[in-house]
Amino acid sequence: MTVMNFAAYAAATGAHLDQRDALAVRNAFLKYDLDEQAQLLAKMPLPEALVMLHECPLRHVQLLLDRLDERKEDVKVRQLANGLGFICSEVEPVGHYLQNSVFNHVRERIGWIVGLALMGIISGLIISHYQDTLSQLVLLAIYMPVIAAAGGNTGSQAATLVVRALAMDEIRSRDWIAVLWKEFRVSLVIALGLAAVIVVRVVFFSGHVLLPTGINLYMVALAIGIAISIQVVVSTSVGGLLPLIARAFNLDPAVLVSPVLASMVDITGMVIYFSTINWILGLGH
Numbered sequence: 030m031t032v033m034n035f036a037a038y039a040a041a042t043g044a045h046l047d048q049r050d051a052l053a054v055r056n057a058f059l060k061y062d063l064d065e066q067a068q069l070l071a072k073m074p075l076p077e078a079l080v081m082l083h084e085c086p087l088r089h090v091q092l093l094l095d096r097l098d099e100r101k102e103d104v105k106v107r108q109l110a111n112g113l114g115f116i117c118s119e120v121e122p123v124g125h126y127l128q129n130s131v132f133n134h135v136r137e138r139i140g141w142i143v144g145l146a147l148m149g150i151i152s153g154l155i156i157s158h159y160q161d162t163l164s165q166l167v168l169l170a171i172y173m174p175v176i177a178a179a180g181g182n183t184g185s186q187a188a189t190l191v192v193r194a195l196a197m198d199e200i201r202s203r204d205w206i207a208v209l210w211k212e213f214r215v216s217l218v219i220a221l222g223l224a225a226v227i228v229v230r231v232v233f234f235s236g237h238v239l240l241p242t243g244i245n246l247y248m249v250a251l252a253i254g255i256a257i258s259i260q261v262v263v264s265t266s267v268g269g270l271l272p273l274i275a276r277a278f279n280l281d282p283a284v285l286v287s288p289v290l291a292s293m294v295d296i297t298g299m300v301i302y303f304s305t306i307n308w309i310l311g312l313g314h
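With the first letter of the sequence shown counted as 1, position 238 gets the number 267 in this note's numbering; the numbers rise by one all the way through.
And the structure:
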């Protein structure tokens, strides 16, 4: 039991395995067959197990986790998966992805999809409410997809990074203020860069568009740029917080975040877009 002796010594002395020691433990560990490796892994202290597994091929780590799962070592599997950066949530179905039935996957997902699809009707109602604004300035319709895409992309980026940080135990749900502050600052920089690109796009490529009396192209470009900036800041901040909210309520971020974020971005994007345009350009009155 060379592997266990080495790991036990490190745990008892409070030392951590450096890379050379981890490679030595890995080499000794891999001499055993898969069942013996799973048995050893179940008994190894978590920090030493994680350091060693980082030196193992990913496919072999996955096989080990599956074997531990078969041995009903659920807690150990979850600890190792989180420590290695795998997404492993409190409501994740037991067993391998491919081994779970279609019905289990559908049952886990369909509630959110149907509910959020119904919420999508709100986006249509918002657009209908602002049809007078669109009729006065058709150019606005061209940039509606840009608003939705910008919010969805930046929000998804933030959500993905926070989910990964949660999986690696870098942050906890109680760190939501720090996460919000971080994502807010990041979103401001992204928003300014994206707004500049959109303003240039409107000014230089929309000169042929007929504008209402009293409104020039620079005013339209500024209004769209401000709207997209607000949307990016809101979407990024929400995207950073949603995984923390899901974890706090023992929900699966992998299942919840993407559809909820998409629906929220669609709704808030249209409200932000048309409200900002009307406020700056005085349309819709």
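C-beta: ideal position from N, C-alpha, C; glycine also.
Environment of residue i [buried if 16+ CB atoms lie within 10 Å]
i: Tyr247; result: exposed
i: Leu147; result: exposed
i: Leu221; result: exposed
i: Ala187; result: buried
i: Asp295; result: buried
i: Ala178; result: exposed
i: Leu285; result: buried
i: Gln66; result: buried
i: Lys105; result: buried
i: Met30; result: Low confidence applies here, because Met30 scores a pLDDT of 45, under 50, leaving its location unreliable and the question unanswered by this model.
i: Ile206; result: exposed
i: Phe58; result: buried
i: Val11; result: Residue 11 cannot be examined here, being either before or after the span of the chain that is shown, 30 to 314.
i: Val191; result: buried
i: Leu87; result: exposed
i: Ile227; result: buried
Other residues of its chain near residue i: CB distance less than 7 Å, five sequence neighbours each side excluded
i: Leu52; result: Glu84
i: Gly235; result: Note that residue 235 is Ser in the sequence shown, not Gly. Hits under 7 Å: Leu168 and Leu246.
Three-state class that DSSP yields for residue i in the structure shown
i: Asp62; result: coil
i: Val238; result: coil
i: Asn307; result: helix
i: Glu77; result: helix
i: Ser130; result: coil
i: Ile338; result: Lying before the first or after the last residue shown, residue 338 is absent from the chain, which here runs from 30 to 314.
i: Asn279; result: coil
i: Ile200; result: coil
i: Leu312; result: coil
N- and C-terminal bounds of the alpha helix (DSSP H) containing residue i
i: Ser216; result: Trp205 to Phe234
i: Glu99; result: Leu87 to Glu99
i: Glu84; result: No alpha helix (DSSP H) holds Glu84; DSSP gives it neither H nor E.
i: Asn111; result: Asp103 to Gly112
i: Ser164; result: Gln160 to Gln165
i: Met173; result: Met173 to Ala196
Contacts around residue i, its chain only, beta-carbon distance under 8 Å, and the 5 residues preceding and following it disregarded
i: Val232; result: Leu246, Tyr247 and Ala250
i: Ser185; result: Gly268, Ser287 and Leu290
i: Ile219; result: Thr183, Val261 and Thr265
i: Leu79; result: Leu109, Gly112 and Leu113
i: Asp64; result: Arg96
i: Phe213; result: Val262, Thr265 and Ser266
i: Val300; result: Ile155
Backbone CA spacing between residue i and residue j [nearest angstrom]
i: Lys72; j: Thr189; result: 32 Å
i: Gly153; j: Val289; result: 17 Å
i: Ala170; j: His158; result: 14 Å
i: Asn133; j: Ile142; result: 15 Å
i: Ile306; j: Leu273; result: 33 Å
i: Val238; j: Leu312; result: 16 Å
i: Ile151; j: Asp62; result: 57 Å
i: Leu15; j: Arg203; result: For the chain, the structure presents residues 30 to 314; residue 15 sits outside this window and is missing.
i: Met293; j: Asp98; result: 36 Å
i: Leu163; j: Leu310; result: 12 Å
i: Leu223; j: Ala256; result: 11 Å
i: Trp210; j: Asn56; result: 44 Å
i: Tyr302; j: Pro174; result: 11 Å
i: Arg100; j: Phe278; result: 28 Å
i: Val357; j: Val167; result: Outside the displayed span of the chain (30 to 314) sits residue 357, for which this structure offers no information.
i: Leu70; j: Ser216; result: 42 Å
i: Val54; j: Val131; result: 40 Å
i: Leu270; j: Val90; result: 30 Å
i: Leu92; j: Gln160; result: 56 Å
i: Ile156; j: Gln165; result: 14 Å
i: Glu77; j: Gly140; result: 40 Å
Cβ of residue i within 8 Å of any chain D Cβ
i: Val135; result: Of the protein chains in the structure, only one exists, and it is not chain D.
Close beta carbons around residue i, own chain, < 6 Å, minus the five adjacent residues each side
i: Ala194; result: Ile200
i: Gly298; result: Ile176, Ala177, Gly180 and Gln260
i: Tyr172; result: Ile253
i: Ser258; result: Ala220 and Ala224
i: Leu75; result: Gln108
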